[in-house]
Amino acid sequence: MKALDGLGLAAVAVLTATGIAWMSPGSVTARGIALEYSLRPDTDEYGFQPATLEALEGKLLEKFGEHASPHLPEDLGDYDAFGMGGEEELARGRELYRTKCLHCHGVSGGGDGPTAKFLIPRPRNFRDGKVKFTSTLRAAKPTREDLRRTLRDGVAYTAMPSFQVEEDEDIEALISYVQFLMLRGEVERLVALQIDDEGDFEDFEAGDMDAAEFSELLDEYFEEQYEYIQDQWGSAEDEQVFPEGPRPPATPESIARGRRLFMSETAGCVNCHNGNGDGKGPNVYGEILDPDTGEVLRIGYKLKDEWGNEARPADLRKGFYRGGNRPLDLYRRVHQGIKGTPMPAIADMHANDEDIWALVNFVLSLPYNQ
Amino acid sequence: MRKFWIALFALVPPLAVGFFLWARGVEGLWFPPNASETGSDIDFLFWVIFAITGITFLGVEIVFAWFLWKYGGREEGGKGVFTHGNHKLETIWTIIPAGILVFLAIFQYGTWEEAKFYSQAPDSPVHARVLGGQFEWRIRYPGEDGVIWSPDDVEQVNELHVWKNQPVKILLESRDVIHSFFIPQMRVKQDAMPGMKQWVWFTPVESGEFEIACAELCGWGHYKMRARLVVHETEQDFQDWMARATAAQFADTEEAAEEQ
Ligand SMILES: [Cu+2]
Numbered sequence: 064m065k066a067l068d069g070l071g072l073a074a075v076a077v078l079t080a081t082g083i084a085w086m087s088p089g090s091v092t093a094r095g096i097a098l099e100y101s102l103r104p105d106t107d108e109y110g111f112q113p114a115t116l117e118a119l120e121g122k123l124l125e126k127f128g129e130h131a132s133p134h135l136p137e138d139l140g141d142y143d144a145f146g147m148g149g150e151e152e153l154a155r156g157r158e159l160y161r162t163k164c165l166h167c168h169g170v171s172g173g174g175d176g177p178t179a180k181f182l183i184p185r186p187r188n189f190r191d192g193k194v195k196f197t198s199t200l201r202a203a204k205p206t207r208e209d210l211r212r213t214l215r216d217g218v219a220y221t222a223m224p225s226f227q228v229e230e231d232e233d234i235e236a237l238i239s240y241v242q243f244l245m246l247r248g249e250v251e252r253l254v255a256l257q258i259d260d261e262g263d264f265e266d267f268e269a270g271d272m273d274a275a276e277f278s279e280l281l282d283e284y285f286e287e288q289y290e291y292i293q294d295q296w297g298s299a300e301d302e303q304v305f306p307e308g309p310r311p312p313a314t315p316e317s318i319a320r321g322r323r324l325f326m327s328e329t330a331g332c333v334n335c336h337n338g339n340g341d342g343k344g345p346n347v348y349g350e351i352l353d354p355d356t357g358e359v360l361r362i363g364y365k366l367k368d369e370w371g372n373e374a375r376p377a378d379l380r381k382g383f384y385r386g387g388n389r390p391l392d393l394y395r396r397v398h399q400g401i402k403g404t405p406m407p408a409i410a411d412m413h414a415n416d417e418d419i420w421a422l423v424n425f426v427l428s429l430p431y432n433q
Numbered sequence: 007m008r009k010f011w012i013a014l015f016a017l018v019p020p021l022a023v024g025f026f027l028w029a030r031g032v033e034g035l036w037f038p039p040n041a042s043e044t045g046s047d048i049d050f051l052f053w054v055i056f057a058i059t060g061i062t063f064l065g066v067e068i069v070f071a072w073f074l075w076k077y078g079g080r081e082e083g084g085k086g087v088f089t090h091g092n093h094k095l096e097t098i099w100t101i102i103p104a105g106i107l108v109f110l111a112i113f114q115y116g117t118w119e120e121a122k123f124y125s126q127a128p129d130s131p132v133h134a135r136v137l138g139g140q141f142e143w144r145i146r147y148p149g150e151d152g153v154i155w156s157p158d159d160v161e162q163v164n165e166l167h168v169w170k171n172q173p174v175k176i177l178l179e180s181r182d183v184i185h186s187f188f189i190p191q192m193r194v195k196q197d198a199m200p201g202m203k204q205w206v207w208f209t210p211v212e213s214g215e216f217e218i219a220c221a222e223l224c225g226w227g228h229y230k231m232r233a234r235l236v237v238h239e240t241e242q243d244f245q246d247w248m249a250r251a252t253a254a255q256f257a258d259t260e261e262a263a264e265e266q
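The listed protein sequences derive, respectively, from chains Z and C. No gaps in the numbering here: position 308 of the first sequence is 371 in my numbering, and each next residue is one more. No gaps in the numbering here: position 94 of the second sequence is 100 in my numbering, and each next residue is one more.
So this is what it looks like as structure tokens:
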């Protein structure tokens with residue numbers, strides 16, 4: 064009896080200890096899930112020596128703070144200029160992000176959290192400040208309102224959940240932290256590009272330039288990129304897309320006009336979304352061949368988005384829209400396409416307001432046609 | 007050691023009673039207050055079943071502790087006493103629970119009917135369709151035509167609006183796996199089955215905000231499948247909200263977007 068009691072206790076102790084060890088930060092890192100900022104994987108692609116990478120990483124930590132103490136670099140501008148609340152709000156946002164978003168979006172916003180690999184579509188790297196569903200022009204940044212919408216409504220029928228029930232301040236803090244990660248990620252990319260362009264790093268790596276000098280040089284690069292970034296984020300509000308006039312009623316004529324456009328070669332919707340709207344158009348769905356042997360590997364989606372994920376055109380019969388279901392949202396989707404995906408901006412093809420509204424009316428009628 | 011185990015098991019009944027008395031006064035540990043018309047019937051049923059099981063539990067625990075004391079091995083290595091059962095005793099302890107079960111089955115029938123039989127659903131038109139999906143609730147109001155799934159529908163996520171004293175009738179569906187639509191204060195809980203249409207109804211008698219939770223483990227994100235129920239004070243309040251929601255749903259210009 065005594066022996067059995069002892070054995071039971073020992074088993075409980077071992078299980079508890081294993082649990083604690085499994086969940087402790089150290090072992091999470093050991094399982095390949097970084098809990099600290101890492102440099103972007105694409106920064107590795109320039110072929111910098113470790114010394115340069117370390118210098119860059121050090122600078123980033125110096126300017127944007129360690130993981131536990133995020134703050135905007137002084138010269139990047141006020142928190143106000145980005146619509147953020149300040150350092151305290153960022154700290155709060157970081158806490159929330161860690162509990163609610165990190166497991167999908169990753170510590171640094173790279174879309175590389177532990178859950179990410181199980182999801183279709185995958186969460187993406189938003190470290191360039193590029194997100195799919197915004198009110199702005201294709202090349203522009205999202206506005207805070209865009210991010211707010213994404214958080215409140217989620218992205219319909221993807222793993223990105225709605226955070227509707229969270230408190231307003233928490234949502235604002237989360238937006239600020241996401242913005243912070245975007246700013247940080249973009250600065251990193253731009254500075255790395257500049258280092259590569261200017262070539263000074265070769266002197267540094269060869270030992271012809273000392274660390275202090277290189278550090279000063281980096282400071283300069285950072286300053287230069289700040290300006291560009293301020294511009295980009297500052298102008299987002301002004302680059303929103305709005306229709307010229309209100310949506311015309313979805314009369315049979317308007318829908319028929321939209322349908323004609325949808326099927327036409329000029330707009331080309333049909334090539335991707337297919338004639339029935341199921342999203343398996345001839346351009347995007349079919350046999351995928353092995354590039355070497357020409358053998359058919361499988362039947363599937365052929366296009367990729369900028370993040371390298373499979374781009375599946377929406378099934379328009381389902382009646383849900385990732386970027387929001389208001390006519391305005393759809394207008395913007397059709398007008399500017401979807402950032403980072405092959406879905407093109409029809410506004411670039413000389414479509415006028417009426418054409419776009421007709422397309423929207425047609426698209427909005429599709430779910431109810433069956 | 008023997009004394010320890012006896013004391014431990016003898017402590018269970020007083021602790022259970024103490025915990026029960028204490029928990030009732032602590033918010034978040036006991037039932038949230040009922041806020042629906044028929045909820046009191048459900049609560050009453052709950053109390054009846056709770057009394058039966060509670061008394062049985064206490065009785066069993068007391069007998070258990072007593073047996074430990076009476077028959078527990080007093081000396082190391084002592085042998086237990088074996089019996090071959092008692093036919094009479096077994097008959098009694100089969101018949102009594104069976105009787106209790108039959109009683110409950112009949113006794114609860116009216117409440118069950120009221121809560122779950124479609125014939126008892128209010129004849130009010132369907133208020134909204136709630137579509138469960140991993141891991142959110144999409145809520146679609148029929149719009150002016152009263153038909154769900156038509157171009158004038160208003161769809162929102164994780165927020166259901168109703169008004170006080172409205173006989174709310176909801177069409178419940180799932181788009182992937184089994185979820186369960188649970189509003190504790192309204193005393194409704196109904197599984198949402200993929201491919202099936204279910205009906206849920208309740209009549210809120212308090213205004214305010216309540217939590218809707220998924221009560222069926224539906225995947226890794228089950229814990230966060232939460233939504234909000236907003237009960238407006240009057241039908242007019244609800245209609246005002248609905249007008250705003252409709253305007254938001256059909257926003258098509260800069261002005262319309264800014265008004266939100
Ligand atoms: Cu669920």
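Beta carbons are placed, not taken as given, at the ideal position from N, Cα and C, and that holds for glycine.
Asked, Found
"Inter-residue spacing [alpha-carbon to alpha-carbon] between Pro224/Z and Tyr142/Z", "27 Å"
"Residues of the stretch 245-259 of chain C whose Cβ lies closer than 8 Å to any Cβ of chain Z, in chain order", "Ala254, Gln255, Phe256, Ala257, Asp258 and Thr259"
"Limits of the unbroken beta strand (DSSP E) element including Ser186/C", "His185 to Ile189"
"Separation of Gly308/Z from Pro458/Z, as counted between CA atoms", "Not covered by the structure: residue 458/Z. The range shown for chain Z is 64 to 433."
"The alpha helix (DSSP H) enclosing Gln77/C, as first and last residue numbers", "The sequence as given places Tyr at residue 77/C; Gln does not occur at that position. Its alpha helix (DSSP H) spans residues Gly45 to Tyr77."
"Residues bridged to Ala299/Z [DSSP beta-bridge criterion]", "Answer is none; Ala299/Z lacks a bridge partner."
"His90/C: first and last residue of the uninterrupted beta strand (DSSP E) it sits in", "No beta strand (DSSP E) contains His90/C, which DSSP labels as neither H nor E."
"Assumed close pair Arg380/Z, Leu429/Z - CB separation to whole angstroms, cut-off 8 Å", "5 Å"
"Beta-carbon proximity list for Pro405/Z, same chain, < 6 Å, skipping 5 on both sides", "Leu366 and Ala374"
"Identified DSSP bridge partners for Val174/C", "Phe208/C"
"Secondary structure of Pro199/Z, DSSP reduced to three states", "One point to set straight first is that residue 199/Z is Thr, not Pro, in the sequence displayed. Strand, per DSSP."
"Cα-Cα separation between Pro19/C and Phe73/C, rounded to whole angstroms", "15 Å"
"Within chain C, the residues that Asn388/Z reaches when beta carbons sit closer than 8 Å", "Glu161 and Gln255"
"Reduced DSSP secondary structure (H/G/I, E/B, other) of Val397/Z", "helix"
"Contact between the stretch 117-128 of chain Z and the stretch 277-288 of chain Z (3+ Cβ pairs under 8 Å)", "yes"
"Asn92/C to Glu215/C span [Cα, whole Å]", "56 Å"
"The stretch 287-317 of chain Z: positions lying closer than 7 Å to chain C by Cβ", "Phe305, Pro306, Pro309, Arg310 and Ala313"
"Proximal chain C residues relative to Gly463/Z, where beta-carbon distance stays under 7 Å", "Nothing can be reported for residue 463/Z, as the shown portion of chain Z is limited to 64 through 433."
"Same chain only: Cβ atoms within 7 Å of Leu200/Z, ignoring 5 sequence neighbours per side", "Glu302, Val304 and Gln399"
"N-terminal and C-terminal residue of the beta strand (DSSP E) that Arg144/C is part of", "Glu142 to Tyr147"
"Amino acids of chain Z, ordered along the chain, whose beta-carbon sits closer than 7 Å to that of Trp11/C", "Residues of chain Z passing the Cβ test: none, with the nearest at roughly 11 Å."
"C-beta contact flag for Phe226/Z and Arg385/Z at 8 Å", "no"
"Nearest-angstrom beta carbon gap, Val194/C and Val211/C [assumed within contact, 8 Å]", "Not confirmed; about 13 Å, so no contact."
"Chain-ordered chain Z contacts of Ala299/C [CB-CB under 7 Å]", "As displayed, chain C neither begins before 7 nor continues past 266, which places residue 299/C out of reach and without an answer."
"Complete alpha helix (DSSP H) runs within the stretch 132-215 of chain Z (minimum length 4 residues, chain order)", "150-163 and 165-168"
"Coarse secondary structure for Val218/Z, derived from DSSP in three states", "coil"
"First through last residue of the alpha helix (DSSP H) which encompasses Leu137/C", "Counting along the chain, Leu137/C falls outside any alpha helix (DSSP H), though it belongs to the beta strand (DSSP E) covering Ala134 to Gly139."
"Given 8 Å, three or more beta-carbon pairs between the stretch 153-161 of chain Z and the stretch 229-249 of chain Z", "yes"
"Beta-ladder partner(s) of Phe216/C, from DSSP", "Leu235/C"
"C-beta atoms of Ser180/C and Ala221/C nearer than 8 Å", "no"
"Run of the alpha helix (DSSP H) containing Lys195/C, from where it starts to where it stops", "No alpha helix (DSSP H) holds Lys195/C; the beta strand (DSSP E) holding it covers Val194 to Ala198."
"Where Pro157/C meets chain Z, residues with beta-carbon distance less than 8 Å", "Ala313, Leu427, Ser428 and Tyr431"
"Met231/C beta carbon near ligand 1 (any heavy atom closer than 7 Å)", "yes"
"Nonlocal neighbours in the same chain, by C-beta distance under 6 Å from Leu3/C, ignoring five residues either side", "Outside the modelled stretch of chain C, which goes from 7 to 266, sits residue 3/C, for which no answer is possible."
"Trp118/C, enclosing alpha helix (DSSP H) - first and last residue", "Tyr115 to Lys122"
"Close Cβ partners of Asp138/Z (< 8 Å) along its chain, the five nearest in sequence each way excluded", "Phe285, Glu286 and Tyr289"
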